[in-house]
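Protein chains in written order, with numbering that gives the first Met the number 0: chain A, 0 to 257; chain B, 0 to 257.
Built from N, CA and C at the ideal position, the CB exists for glycine as well.
2 protein chains.
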Amino acid sequence: MILETLTSALATGAVRVVDLTQTLTEDFPTIVLPPEFAPSAPVRIERISRYDAAGPAWYWNNLSFGEHTGTHFDAPAHWFTGRDMPRGTVDTLPPEHMIAPAVVIDCSAESAADDDHLLTRAALEVWETAHGRIPAGAWVLMRTGWSLRKGAAYANLRADGAHTPGPDAEAMRWLVQDRGILGFGTETIGTDAGQGGDFQPPYPAHHYLHGAGRYGLQCLTNLHLLPAKGAVLFAAPLKVHEGSGSPLRVLALVPDAS
Amino acid sequence: MILETLTSALATGAVRVVDLTQTLTEDFPTIVLPPEFAPSAPVRIERISRYDAAGPAWYWNNLSFGEHTGTHFDAPAHWFTGRDMPRGTVDTLPPEHMIAPAVVIDCSAESAADDDHLLTRAALEVWETAHGRIPAGAWVLMRTGWSLRKGAAYANLRADGAHTPGPDAEAMRWLVQDRGILGFGTETIGTDAGQGGDFQPPYPAHHYLHGAGRYGLQCLTNLHLLPAKGAVLFAAPLKVHEGSGSPLRVLALVPDAS
Ligand SMILES: [Mn+2]
Ligand SMILES: [Mn+2]
């Protein structure tokens with residue numbers, strides 16, 4: 000009955016589907032690590048055939064990329080704090096975690112003013128005053144407008160690393176431990192701020208989320224099309240054997256505002 | 000309101016999430032073409048680091064595979080009949096097509112008895128007598144039990160090609176033209192029967208589906224956990240630039256039967 004109602008609502012437009020995914024291209028920026036660490040492979044999309052001698056009736060490509068490429072999902076095993084987590088790789092995740100409510104914290108003005116803007120617990124508490132308590136089991140999405148940037152401005156690398164907005168350590172500790180969120184999503188290349196390696200603990204989003212068996216989403220777009228609360232996110236990574244994450248299509252179901 | 004009801008139903012188990020995806024491994028069988036055509040790349044999952052010198056705090060892999068690998072989605076541009084279809088590649092598909100109702104045609108007994116079992120229009124009309132008209136815009140899933148087979152028995156190659164069940168040409172013409180389905184899904188490596196190259200037209204599932212801008216799903220599993228009707232499918236391929244298809248996670252929302 001509820002599923003018939005959902006189908007009808009999708010057909011009439013009472014519920015809309017919003018694509019939060021960036022297009023995967025060979026030049027989409029990926030994370031850059033210091034040279035002492037092994038890098039991710041580049042994105043490659045290589046034609047096998049396109050209605051030609053190599054395949055007269057069909058078109059298809061070979062794909063290659065690192066698990067953490069484009070709009071992608073971080074599973075608990077991606078980080079050392081989640082290495083022993085049960086069902087911590089993408090092939091063993093509970094499917095019921097792949098459909099969950101989402102709230103959106105609008106940090107776009109602050110992020111336009113400061114590349115290193117940090118989302119704080121205080122700002123989250125201000126959000127709760129306006130919208131109510133962040134529900135346990137929800138995705139928290141940090142809207143920064145960063146997805147509108149292209150190329151070098153998107154990665155925003157300087158000599159001391161990336162300068163991109165993200166959460167501070169106390170915000171992440173509080174979201175995971177005091178609010179019991181399902182995961183944290185960003186428009187930037189990481190769930191952590193570009194300078195998050197200098198935080199205490201280093202990379203607090205990775206540290207707290209994955210240490211509690213929770214998830215990350217990165218390189219999201221179209222967050223400005225979501226309400227502050229009330230959307231439902233469909234975020235289902237590829238079922239890669241013992242995978243630490245994967246590119247994925249992230250969709251949001253959104254009640255029609257009109 | 001409908002989305003809050005959905006979230007509650009997922010939390011209470013009144014709606015369950017069933018994973019219809021096979022695990023992507025290096026030895027999962029992919030389609031084998033005659034040697035005059037270019038083959039798909041093999042699946043490779045190659046470690047970059049795992050809490051070691053190459054990345055002390057993190058675990059990740061590089062991935063490579065053809066677009067039509069494992070549980071995967073066929074977009075219209077995959078076939079010559081769909082080559083000029085608007086929004087025919089995975090990056091341009093309408094997101095509202097990625098969530099849709101599904102019906103399941105149980106052909107498991109017939110497929111156990113005959114590797115080359117063909118689903119006919121007559122069998123579909125028998126299904127309609129029991130369950131009602133196949134809705135326009137629905138996925139039609141052919142349950143064969145094939146996903147329980149492993150390795151060589153799954154591909155089931157002989158000297159004259161694969162011997163696996165699938166739809167006949169009139170079944171596909173009727174489903175696409177007379178029922179207006181969204182797509183057709185199978186447990187086997189193709190949407191077409193293993194011997195479908197000898198049908199008229201050749202590969203009728205590909206021919207009719209993609210020529211009408213419709214979709215295919217292959218290598219599905221767990222179809223025995225779905226009702227004959229009433230499930231809703233989430234099937235959202237990767238947003239690969241001009242991609243002809245992709246591996247994906249396919250989930251079904253199912254009303255609890257108990
Ligand atoms: Mn990542
Ligand atoms: Mn295919």
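Q | Chain-ordered chain B contacts of residue 4(A) [CB-CB under 8 Å] | A | Counted from its first residue, the first sequence places residue 4(A) at position 5. For residue 4(A), the residues of chain B that pass the 8 Å Cβ criterion are 1 and 4, in the order they occur in the chain.
**Q.** Separation of residue 209(B) from residue 13(B), as counted between CA atoms
**A.** In the second sequence, the residue the question calls residue 13(B) occupies position 14. In the second sequence, the residue the question calls residue 209(B) occupies position 210. Each residue's alpha carbon lies about 35 Å from the other.
Q: Apply the 10 Å Cβ neighbour rule to residue 7(A) and answer buried if 16 or more other Cβ atoms are within range, or exposed otherwise.
A: The count along the first sequence starts at 1 and reaches residue 7(A) at position 8. The residue in question, residue 7(A), is exposed, as its Cβ has fewer than 16 Cβ neighbours within 10 Å.
Q | For residue 202(A) and residue 193(A), believed in contact at Cβ under 8 Å, the rounded distance | A | By one-based count along the first sequence, residue 193(A) stands at place 194. By one-based count along the first sequence, residue 202(A) stands at place 203. Contact doesn't hold; Cβ gap of about 11 Å is too wide.
**Q.** Backbone CA spacing between residue 43(B) and residue 115(B) [nearest angstrom]
**A.** By one-based count along the second sequence, residue 43(B) stands at place 44. By one-based count along the second sequence, residue 115(B) stands at place 116. Between residue 43(B) and residue 115(B), the alpha-carbon positions lie close to 31 Å from each other.
Q: Starting from residue 84(A), find everything on chain B with Cβ-Cβ shorter than 7 Å and list it in chain order.
A: Within the first sequence, numbered from 1, the residue matching residue 84(A) stands at position 85. Ordered by position in chain B, no residue passes the 7 Å Cβ test against residue 84(A), which lies about 12 Å from the chain.
Q) Is any heavy atom in ligand 2 found nearer than 7 Å to the beta carbon of residue 73(B)? A) Here residue 73(B) refers to the residue found at position 74 of the second sequence. Indeed, a heavy atom of ligand 2 lies less than 7 Å from the Cβ.
(Q) Check this for me: beta carbons of residue 120(B) and residue 238(A), under 8 Å apart or not? (A) Reading the second sequence from its first residue, position 121 is the one you call residue 120(B). Reading the first sequence from its first residue, position 239 is the one you call residue 238(A). No, these two residues do not count as a Cβ contact at 8 Å.
(Q) Can you check whether the C-beta of residue 195(A) is within less than 8 Å of a C-beta belonging to chain B? (A) If you number the first sequence from 1, residue 195(A) lands on position 196. Residue contact check for residue 195(A) against chain B: no CB pair falls below 8 Å.
Q: Assuming residue 16(B) and residue 250(B) form a contact by the criterion Cβ under 8 Å, report the distance between their Cβ atoms to the nearest whole angstrom.
A: Reading the second sequence from its first residue, position 17 is the one you call residue 16(B). Reading the second sequence from its first residue, position 251 is the one you call residue 250(B). Sure, about 6 Å apart at Cβ, within 8 Å.
(Q) Under 8 Å, Cβ to Cβ, is there at least one residue of chain A near residue 149(B)? (A) Residue mapping note: residue 149(B) aligns to position 150 of the second sequence, counting from 1. Chain A contact via Cβ: absent.
Q.
Strictly under 8 Å for the Cβ-Cβ distance: is residue 189(B) near chain A by that measure?
A. Looking up residue 189(B) in the second sequence gives position 190. Residue 189(B) does not count as touching chain A.
Q: Check whether the Cβ of residue 221(B) lies closer than 8 Å to any Cβ atom in chain A.
A: Within the second sequence, the letter at position 222 stands for residue 221(B). Residue 221(B) has a beta carbon lying at 8 Å or more from every beta carbon in chain A.
Q: Taking only the alpha-carbon atoms, compute the straight-line gap between residue 105(B) and residue 198(B) and give it to the nearest angstrom.
A: Here residue 105(B) corresponds to residue number 106 of the second sequence, with the count starting at 1. Here residue 198(B) corresponds to residue number 199 of the second sequence, with the count starting at 1. Straight-line measurement puts the Cα of residue 198(B) at about 22 Å from the Cα of residue 105(B).
Q) Which parts of the segment 163-213 of chain B are runs of the alpha helix (DSSP H), unbroken and 4 residues or longer, counting only runs that do not cross its ends? A) Those alpha helix (DSSP H) runs which fall completely within the segment 163-213 of chain B and span 4+ residues are 168-176 and 203-210.
Q) Would you say the segment 209-228 of chain A touches the segment 144-152 of chain A, given that touching needs at least three Cβ pairs under 8 Å? A) With the rule of 3 Cβ pairs closer than 8 Å, the segment 209-228 of chain A counts as touching the segment 144-152 of chain A.
Q: Quick one: list the residues of chain A neighbouring residue 18(B), beta-carbon separation under 7 Å, in chain order.
A: Numbered from 1 along the second sequence, position 19 holds the residue referred to as residue 18(B). Simply 94.
(Q) Tell me the DSSP secondary structure of residue 97(B) in three-state form. (A) Locating residue 97(B) in the second sequence gives position 98, counting from the first residue. Looking at residue 97(B) - three-state DSSP - the assignment turns out to be helix.
Q) Hey, does residue 146(A) have any beta-carbon neighbour from chain B nearer than 8 Å? A) Residue 146(A) sits at position 147 when you count from the first residue of the first sequence. Closer than 8 Å to the CB of residue 146(A) there is not a single CB belonging to chain B.
Q. Since residue 126(A) is in the alpha helix (DSSP H), which residue starts that stretch and which ends it?
A. Residue numbering aside, residue 126(A) sits at position 127 when the first sequence is read from its first letter. Per DSSP, residue 126(A) belongs to the alpha helix (DSSP H) from 120-130.
Q) Would you call the segment 93-105 of chain B and the segment 22-35 of chain A in contact, with 3 or more CB pairs under 8 Å? A) As far as the Cβ criterion goes, the segment 93-105 of chain B does not touch the segment 22-35 of chain A, which means the pair count is below three.
Q: For the alpha helix (DSSP H) holding residue 1(B), just list the boundary residues, first then last.
A: Position 2 of the second sequence, counted from the first residue, corresponds to residue 1(B). 1-11 is the span of the alpha helix (DSSP H), which, as asked, contains residue 1(B).
Q. If you drop the 5 nearest sequence neighbours on each side, which residues of the same chain put their C-beta closer than 7 Å to that of residue 96(B)?
A. As a working note, residue 96(B) is residue 97 in the second sequence. The residues are 181.
Q: Grab the span of the alpha helix (DSSP H) containing residue 137(A) for me, first residue to last.
A: As a working mapping, residue 137(A) is identified with position 138 in the first sequence. Secondary structure note for residue 137(A): it is in no alpha helix (DSSP H), with a DSSP letter that is neither H nor E.
Q. Mind pulling the chain A residues with CB within less than 7 Å of residue 22(B)?
A. In the second sequence, the residue the question calls residue 22(B) occupies position 23. Contact annotation for residue 22(B) against chain A: 90, 238 and 240 [CB-CB distance below 7 Å, chain order].
Q. Does ligand 2 have a heavy atom nearer than 7 Å to the CB of residue 244(B)?
A. To locate residue 244(B), count along the second sequence from 1; it is residue 245. Taken from the Cβ of residue 244(B), at least one heavy atom of ligand 2 lies inside 7 Å.
Q: Could you please tell me which residues of the segment 163-178 of chain B, in chain order, have their CB closer than 7 Å to any CB of chain A?
A: Within the segment 163-178 of chain B, no residue qualifies.
Q: Using the DSSP secondary-structure output, state which residues sit across from residue 83(B) in a beta bridge.
A: Residue numbering aside, residue 83(B) sits at position 84 when the second sequence is read from its first letter. Partner(s): none; residue 83(B) has no beta bridge.
Q: Please report how far the alpha carbon of residue 0(A) lies from the alpha carbon of residue 213(B), in whole angstroms.
A: For the purposes of this step, residue 0(A) is taken as residue 1 along the first sequence, with counting starting at 1. For the purposes of this step, residue 213(B) is taken as residue 214 along the second sequence, with counting starting at 1. Going from the Cα of residue 0(A) to the Cα of residue 213(B) covers about 27 Å.
Q. At a CB-CB cut-off below 9 Å, which residues of chain B make contact with residue 62(A)?
A. As a first step, residue 62(A) must be located in the first sequence, where it is residue number 63. Those are 40, 62, 63, 64, 65, 66, 68, 237, 239, 242, 245 and 246, listed as they occur along chain B.
Q | Close beta carbons around residue 89(B), own chain, < 6 Å, minus the five adjacent residues each side | A | Your numbering for residue 89(B) matches position 90 in the second sequence. Only 74, 236, 239, 242 and 245 meet the Cβ criterion.
Q: Anything in chain B within Cβ reach of residue 312(A), meaning under 8 Å, just list it in chain order.
A: Because residue 312(A) is not part of the residues shown, which for chain A are 0 to 257, the question remains open.
Q. When you compare only the Cα positions, how much space is there between residue 204(A) and residue 171(A)?
A. As a first step, residue 204(A) must be located in the first sequence, where it is residue number 205. As a first step, residue 171(A) must be located in the first sequence, where it is residue number 172. Roughly 6 Å between the two C-alpha positions.
Q) Does the segment 52-64 of chain A come close enough to the segment 58-66 of chain B to have 3 or more Cβ pairs within less than 8 Å? A) Touching, yes.
Q) If you draw a straight line from the C-alpha of residue 117(B) to the C-alpha of residue 168(B), how long is it? A) Here residue 117(B) refers to the residue found at position 118 of the second sequence. Here residue 168(B) refers to the residue found at position 169 of the second sequence. The C-alpha of residue 117(B) lies about 9 Å from the C-alpha of residue 168(B).
Q: Would you mind working out which of 71(A), 162(A) and 132(A) sits nearest residue 112(A), comparing C-alpha positions?
A: Taking the first residue of the first sequence as 1, we reach residue 112(A) at position 113. With distances taken between CA atoms, residue 112(A) lies nearest to 162(A) out of 71(A), 162(A) and 132(A).
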